[in-house]
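Single-structure report; data block below.
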Amino acid sequence: EAGVAQSPRYKIIEKRQSVAFWCNPISGHATLYWYQQILGQGPKLLIQFQNNGVVDDSQLPKDRFSAERLKGVDSTLKIQPAKLEDSAVYLCASRTRVTGELFFGEGSRLTVL
Amino acid sequence: QKEVEQNSGPLSVPEGAIASLNCTYSDRGSQSFFWYRQYSGKSPELIMSIYSNGDKEDGRFTAQLNKASQYVSLLIRDSQPSDSATYLCAVLSGGSNYKLTFGKGTLLTVNP
Chain A
1 EAGVAQSPRY KIIEKRQSVA FWCNPISGHA TLYWYQQILG QGPKLLIQFQ
51 NNGVVDDSQL PKDRFSAERL KGVDSTLKIQ PAKLEDSAVY LCASRTRVTG
101 ELFFGEGSRL TVL
Chain B
1001 QKEVEQNSGP LSVPEGAIAS LNCTYSDRGS QSFFWYRQYS GKSPELIMSI
1051 YSNGDKEDGR FTAQLNKASQ YVSLLIRDSQ PSDSATYLCA VLSGGSNYKL
1101 TFGKGTLLTV NP
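Printed below as a string of structure tokens:
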């Protein structure tokens, strides 16, 4: 079974530029999560989708971050304009309905200069 | 107030010792509890899950849950250098929304 796919793995941009990350969850997983993990901290939930609807985006900085999950499969997270403090790893995860277990992708590491 | 708190690290133990990792959570309605291991530069991987009060053992790992005290712990017996990683406690709550909240993590170092 294929795991959660994310791209790109690494991205370096200047502040005020834009960036987009892509995630393809495990087939059949209806719930998809985007987490932000700053170095030395635990993952922080940015947004949670159930199929193509948003369940929780209370911690998403909506003035600069946006996310969509068209057709209830893959998802894109965008940051525009980026700030220095956005430097982090962006983790995508999908959840199995049976156990509640989350499976994570490899992550996309963003460096904002 | 933080929703999931872990004992501050780093934690250093000698090889062969027992490592004890602790976690408390604030939402009494939390349903499921997980321990993830995260190696440096890698994504979290699930090592233990526990859903009811008591102990759950899996090889060298034992998870303990006390819902009355809102406390979860992970014991690693016969610690190995390969166990050196950050251990993240995660709590599932939010009813049908299934919100998974992570603690800050505890860095464990096992010294040969």
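Quick note, the sequences are listed as chains A and B, same order.
At position 9 of the first sequence (counting the first as 1) the number is 9 in the numbering used here, and the numbers step up by one without a gap.
At position 4 of the second sequence (counting the first as 1) the number is 1004 in the numbering used here, and the numbers step up by one without a gap.
All C-beta atoms in this analysis are idealised placements derived from N, C-alpha and C, irrespective of residue type, glycine included.
Straight through space, the alpha carbons of Ile26 (chain A) and Leu1092 (chain B) are spaced by roughly 20 Å.
Annotation: Cβ neighbours of Thr1101 (chain B) in chain A (cutoff 8 Å, chain order): Leu45. Nearest C-alpha to Phe104 (chain A) among B:Tyr1087, B:Glu1045, B:Ile1050, B:Ser1084: B:Glu1045. Judged by their CB atoms, Ala1063 (chain B) and Ile1050 (chain B) are nearer to each other than the 7 Å cut-off. In the structure shown, the three-state DSSP call for Lys1104 (chain B) is coil. Scanning chain B for C-beta atoms nearer than 7 Å to the C-beta of Phe21 (chain A) yields nothing, as the closest lies near 14 Å away. The DSSP-derived three-state label of Leu1011 (chain B) is strand. In the three-state scheme derived from DSSP, where H, G and I count as helix and E and B as strand, Glu1005 (chain B) is classed as strand.
By the rule that beta-carbons nearer than 7 Å mark a contact, Val98 (chain A) does not touch chain B.
Around Gly105 (chain A), the beta-carbon contacts reaching into chain B at under 7 Å are Ser1043. Looking at the DSSP output, Gln1064 (chain B) sits in a beta bridge with B:Asp1055, B:Ser1073.
Chain A places a beta carbon closer than 7 Å to that of Leu1092 (chain B), counting this residue as a contact. Interface with chain A (7 Å Cβ-Cβ cutoff): Leu1074 (chain B) is excluded. Counting C-beta pairs with one atom in each stretch, the region 71-79 of chain A and the region 40-56 of chain A have three or more that are closer than 8 Å, which means they touch. Interface with chain A (7 Å Cβ-Cβ cutoff): Asn1053 (chain B) is excluded.
Take Asn1022 (chain B), set aside five residues on each side of it, and the residues of its chain with a beta-carbon closer than 6 Å to its own are Asn1007, Ser1073, in chain order.
The beta carbon of Ser1084 (chain B) does not come within 7 Å of any beta carbon belonging to chain A, so the residue lies off that interface. Per DSSP, the continuous beta strand (DSSP E) segment holding Tyr1025 (chain B) begins and ends at 1019-1025.
Here Gly1103 (chain B) is near Val1004 (chain B), since their CB atoms are less than 7 Å apart. With respect to the C-alpha of Val1013 (chain B), the residue from B:Ser1052, B:Thr1024, B:Leu1100, B:Ser1084 having the closest C-alpha is B:Ser1084. The CB of Gly1105 (chain B) comes closer than 7 Å to the CB of Gly42 in chain A, given here in chain order.
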